[in-house]
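Asker: Top line first, the protein sequences correspond to chains A and B.
Numbered per numbering that gives the first Met the number 0, the first sequence spans residues 0 to 210.
Numbered per numbering that gives the first Met the number 0, the second sequence spans residues 0 to 234.
Note that beta-carbon positions come from the ideal geometry of N, C-alpha and C, so glycine has one too.
Input: one structure, supplied below.
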Amino acid sequence: MHISEGVLSGPVLISGAVLAAAGTAVGLKKIDYDRIARVGILSASFFVASLIHVPIGPASIHLIMNGLVGLLLGWAAFPAILVALLMQGVFFQYGGITTLGVNTMIMALPAVICYHLFAPLLAKGRKAVLAAAFGCGFCAVLLGAVIVGLALMFTEEKFLEVATLVVTAHLPVMIIEGLITAFTVVFLQKVQPSMLPTFDGSPQKTANSQK
Amino acid sequence: MNPKKSAPRKQTCRIIRAVGTAWFFLLAAAVTTNAHNVTVFAWVDGDTVYVESKFSGGRTAKNAPIEVLDGAGNLILSGKTDEQGKFSFQVPGKTEMKVVLHAGMGHKAIWSIPAEDLEGLDTLPPAPAAATVKQRPAPVASPQPMEPSAAAESVGPTALEIEKTVEKVLDKKLKPVLKMLADSRPSGPDIRDILGGIGYIFGLVGLAAYLRYRRSGKSSAAAAADDDPTATGNR
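Here is the structure:
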């Protein structure tokens, strides 16, 4: 899902960078002292997750984990993903430095959207939580694929063609990420419910302070 | 007081253990598998250019469109990689070439072949090269180059012919080496890269925590005791 250097046109790169900078600024503002470590851990998880390669489907794809990052961080997903993508670019040569902004948008924007869509459902019953977590992992990748299509549309390729290609290629990853996100959320609910954006004990206190 | 304090600590221990296990599995998986960053590698052998494509992790880019551009960026030819992610084409002429692989979904890789790599070739190789090769062995009646007898019979091999033969042999000998190079090139990220990246992220966390700590320490100090103006001066 990382777009390489030299694929996109200048205006797309610049608008991606500007939007990513804005998102990162919002995210940085919303991180409070207690959450810095959490942002770092999820950033590192995102960084490493991209190394887990899914050998299903036509293209070479890997885990992304932006759904989980978004669900647990909200807007703070922007700085977390930006830093992780920078590291991936420098160390693994995934993506690139010029495409950093666009790639951040591809992965962080869906994370934030999915956070707003699915985090409220976590307060509901057990089944709702499972469904919401799965949906969050699934949709974050799906939306990312749509943004890839959008970014490429303004350069050379046809939106529908690219978007369907990216979506079908990532279908296995969407399902796997949905399952991993669901598993993680259920696990966290048992072990450390305060990690989740809403939890039964005393909601709106620690974790929800960013709203 | 005491039970209240130990309950969160127990929970912290549990979560640390859980995170630790998760990390272990993540790292174990990370070491054995790699993800995607597409590379293309091209080399000249005789009058043919061989192209190999690869995603890091070893998968090849199958049926991916390839474009060959000249130095000025004009399209010379285009094609598609085969099922093994390979592609080859006849050298179109003595120019610098850029082999561009479009692996789809925003993946792209470029390999340039400088004009010097094509030095040994005649311009527009197929026609003249084939002619000389076919004509030369005819009197000796053997397809194998038998330089000594040819030398005895006539003026001997010209410098050009020797050069050509040497190049041919070298190409043949170097082919496995080049192949090995092609195979070993995109080795993907290794454990040092992974740990380095994680280290940077944690370092940033530490930095952020430190800055936050200093700031909050200063502001609380300012709120608590307003009699020290130097402490709050630069914030």
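Would you please verify whether the beta carbon of A/Ser14 is less than 8 Å from any beta carbon of chain C?
Answerer: The structure shown contains no chain C; the protein chains it does contain are A and B.
Asker: In the structure shown, what three-state DSSP assignment does A/Met0 receive?
Answerer: Taking the first residue of the first sequence as position 1, residue 0 of chain A is located at position 1. Note: A/Met0 maps to coil in three-state DSSP.
Asker: For the alpha helix (DSSP H) that contains A/Thr97, what are its first and last residues?
Answerer: Here residue 97 of chain A corresponds to residue number 98 of the first sequence, with the count starting at 1. No alpha helix (DSSP H) holds A/Thr97; DSSP gives it neither H nor E.
Asker: Quick check: is the beta carbon of B/Lys107 nearer than 8 Å to any beta carbon in chain A?
Answerer: Within the second sequence, residue 107 of chain B is the residue found at index 108, counting from 1. Yes, its Cβ sits closer than 8 Å to a Cβ of chain A.
Asker: My guess is that A/Leu18 and A/Thr98 are in contact by the Cβ rule of under 8 Å, so how many angstroms apart are they, rounded?
Answerer: Within the first sequence, numbered from 1, the residue matching residue 18 of chain A stands at position 19. Within the first sequence, numbered from 1, the residue matching residue 98 of chain A stands at position 99. With a Cβ gap of about 13 Å, A/Leu18 and A/Thr98 do not count as contacting.
Asker: Spell out a yes or no on whether the segment 108–117 of chain A and the segment 69–81 of chain A are touching, meaning 3 or more CB-CB pairs, one atom from each, closer than 8 Å.
Answerer: Yes, the segment 108–117 of chain A touches the segment 69–81 of chain A.
Asker: Should A/Ser208 be flagged as near chain B, meaning a C-beta pair shorter than 8 Å?
Answerer: Sequence index remark: in the first sequence, residue 208 of chain A carries index 209 (1-based). Confidence at A/Ser208 is low in this model, with a pLDDT of 42, below 50, so the placement of that residue should be treated as unreliable; the coordinate-derived value is given next. With 8 Å as the cut-off, A/Ser208 does not count as an interface residue toward chain B.
Asker: Run through DSSP, which three-state label would B/Ser111 get?
Answerer: In the second sequence, residue 111 of chain B corresponds to position 112, counting from 1. Here B/Ser111 sits in strand by DSSP.
Asker: Which residues in the same chain have their Cβ closer than 6 Å to the Cβ of A/Gly100, if we skip the five residues on either side of it in sequence?
Answerer: On the first sequence, residue 100 of chain A is found 101 positions in, with the first residue counted as 1. Shown here for A/Gly100: same chain residues with a beta carbon closer than 6 Å to its own, the five before and five after excluded, namely Gly15, Ala16 and Ala19 in chain order.
Asker: Check each residue of the segment 189–206 of chain B: if its Cβ is closer than 8 Å to any Cβ of chain A, include it; give the result in chain order.
Answerer: Asp192, Ile193, Gly195, Gly196, Ile197, Tyr199, Ile200, Phe201, Leu203 and Val204
Asker: How would you write the range of the alpha helix (DSSP H) that B/Gln83 sits in, first residue to last?
Answerer: Along the second sequence, read from residue 1 onward, the residue named residue 83 of chain B stands at position 84. First-last for B/Gln83: undefined, no H or E at that position.
Asker: Check whether chain B comes within 8 Å of A/Leu18, counting only Cβ atoms and requiring the distance to be less than that.
Answerer: Translated into the one-based positions of the first sequence, residue 18 of chain A becomes position 19. Not an interface residue.
Asker: Might you give, ordered along the chain, the residues of its own chain that have their beta carbon closer than 7 Å to the beta carbon of A/Gly148, omitting 5 neighbours on each side?
Answerer: Here residue 148 of chain A is taken as the residue at index 149 of the first sequence, counted from 1. Hits under 7 Å: Phe158, Val161, Ala162 and Val165.
Asker: For B/Met96, name the three-state secondary structure that DSSP assigns.
Answerer: Locating residue 96 of chain B in the second sequence gives position 97, counting from the first residue. Residue state, collapsed to three classes: strand.
Asker: DSSP three-state label for A/Lys210, please.
Answerer: Stepping through the first sequence from its first residue, residue 210 of chain A is reached at position 211. Here the model assigns A/Lys210 a pLDDT of 39, short of 50, so the residue's position is not dependable and the matter cannot be decided.
Asker: Does the beta carbon of B/Ser111 sit closer than 8 Å to a beta carbon anywhere in chain A?
Answerer: Locating residue 111 of chain B in the second sequence gives position 112, where the first residue counts as 1. With 8 Å as the cut-off, B/Ser111 does not count as an interface residue toward chain A.
Asker: Check A/Lys157 in the structure and name its three-state DSSP category.
Answerer: Residue mapping note: residue 157 of chain A aligns to position 158 of the first sequence, counting from 1. The answer is coil: DSSP assigns A/Lys157 none of H, G, I, E or B.
Asker: For A/Phe90, return the contacting residues in chain B, with the cut-off set at a CB-CB distance below 9 Å.
Answerer: Residue 90 of chain A sits at position 91 when you count from the first residue of the first sequence. In chain order: Pro188, Arg191, Asp192, Ile193, Gly195, Gly196 and Tyr199.
Asker: In its own chain, which residues sit with a C-beta less than 6 Å from the C-beta of B/Asp116, not counting the 5 before and 5 after it?
Answerer: To locate residue 116 of chain B, count along the second sequence from 1; it is residue 117. Correct list, in chain order: Val43.
Asker: Output the boundary residues of the beta strand (DSSP E) element that contains A/Pro196.
Answerer: For the purposes of this step, residue 196 of chain A is identified with residue 197 of the first sequence, where counting begins at 1. First-last for A/Pro196: undefined, no H or E at that position.
Asker: What are the residues of the segment 24–37 of chain A that lie near chain B, defined by any Cβ-Cβ distance shorter than 7 Å?
Answerer: Along the segment 24–37 of chain A, going in chain order, the ones with a CB nearer than 7 Å to a CB of chain B are Tyr32, Ile35 and Ala36.
Asker: For A/His52, which residues from the same chain have a beta carbon less than 6 Å from its beta carbon, with the 5 sequence-adjacent residues on both sides left out?
Answerer: In the first sequence, counting from the first residue as 1, residue 52 of chain A sits at position 53. Closer than 6 Å at Cβ, skipping near neighbours: His61.
Asker: Just to make sure I have the definition right: I need the residues of chain B whose C-beta is within less than 7 Å of the C-beta of A/Met86. Which are they?
Answerer: If you number the first sequence from 1, residue 86 of chain A lands on position 87. Under the 7 Å cutoff, chain B gives Gly196, Tyr199 and Ile200.
Asker: Drop a sphere of 10 angstroms on the beta-carbon of B/Ser141, count the other beta-carbons inside from all chains shown, and report buried for 16 or more, exposed for fewer.
Answerer: Numbered from 1 along the second sequence, position 142 holds the residue referred to as residue 141 of chain B. With a pLDDT of only 46 at B/Ser141, under 50, the local geometry of the prediction cannot be trusted, and the value read off the model is given with reservation. Exposed is the call here.
Asker: So for A/Thr103, helix, strand or coil by DSSP?
Answerer: Indexing the first sequence from 1 puts residue 103 of chain A at position 104. Three-state DSSP puts A/Thr103 in a helix.
Asker: CA-CA distance, A/Phe91 and B/Asp192?
Answerer: Within the first sequence, residue 91 of chain A is the residue found at index 92, counting from 1. Within the second sequence, residue 192 of chain B is the residue found at index 193, counting from 1. One C-alpha to the other measures close to 7 Å.
Asker: Name the DSSP beta bridge partners of B/Phe54, please?
Answerer: What you label residue 54 of chain B is simply residue 55 of the second sequence in a count that begins at 1. Answer is B/Val37.
Asker: With a threshold of 16 other CB atoms inside 10 Å of the CB of A/Arg125, please say whether the residue is buried or exposed.
Answerer: Along the first sequence, read from residue 1 onward, the residue named residue 125 of chain A stands at position 126. Counting Cβ neighbours within 10 Å, A/Arg125 comes out exposed, since fewer than 16 surround it.
Asker: Please identify the residue among A/Ile179, A/Ser49, A/Leu41 and A/Ala110 whose C-alpha is closest to the C-alpha of A/Gly94.
Answerer: In the first sequence, the residue the question calls residue 94 of chain A occupies position 95. Nearest C-alpha to A/Gly94: A/Ser49.
Asker: Thinking C-alpha only, which one of A/Leu121, A/Gly88 and A/Ala130 is nearest A/Met194?
Answerer: Here residue 194 of chain A is taken as the residue at index 195 of the first sequence, counted from 1. Nearest of A/Leu121, A/Gly88 and A/Ala130 to A/Met194, Cα basis: A/Leu121.
Asker: In this structure, how does DSSP classify A/Ile40 when only helix, strand and coil are distinguished?
Answerer: Stepping through the first sequence from its first residue, residue 40 of chain A is reached at position 41. Helix.
Asker: Does the distance from the CB of A/Met173 to the CB of A/Ile105 come in under 8 Å?
Answerer: As a working mapping, residue 173 of chain A is identified with position 174 in the first sequence. As a working mapping, residue 105 of chain A is identified with position 106 in the first sequence. Not closer than 8 Å, so no.
Asker: I want to verify the contact list: residues of chain A whose CB lies under 9 Å from the CB of B/Ala208, in sequence order.
Answerer: The residue labelled residue 208 of chain B in the question sits at position 209 within the second sequence. Within chain A, the residues near B/Ala208 are Tyr32, Ile35, Ala36 and Gly39.
Asker: Assuming A/Val82 contacts B/Leu203 under a Cβ cut-off of 8 Å, what Cβ separation, rounded to an integer in Å, is found between them?
Answerer: To locate residue 82 of chain A, count along the first sequence from 1; it is residue 83. To locate residue 203 of chain B, count along the second sequence from 1; it is residue 204. That belief holds up - the Cβ atoms of A/Val82 and B/Leu203 are roughly 6 Å apart, short of 8 Å.
Asker: Would you decide whether A/Tyr32 is buried or exposed? Buried here means 16 or more other CB atoms lie within 10 Å of its CB.
Answerer: Along the first sequence, read from residue 1 onward, the residue named residue 32 of chain A stands at position 33. Residue burial is scored here from C-beta neighbours: A/Tyr32 has fewer than 16 other C-beta atoms within 10 angstroms and is therefore classed as exposed.
Asker: Does B/Ser77 come out as helix, strand or coil in the three-state DSSP assignment?
Answerer: For the purposes of this step, residue 77 of chain B is identified with residue 78 of the second sequence, where counting begins at 1. Of the three classes helix, strand and coil, the one that applies to B/Ser77 here is strand, per DSSP.
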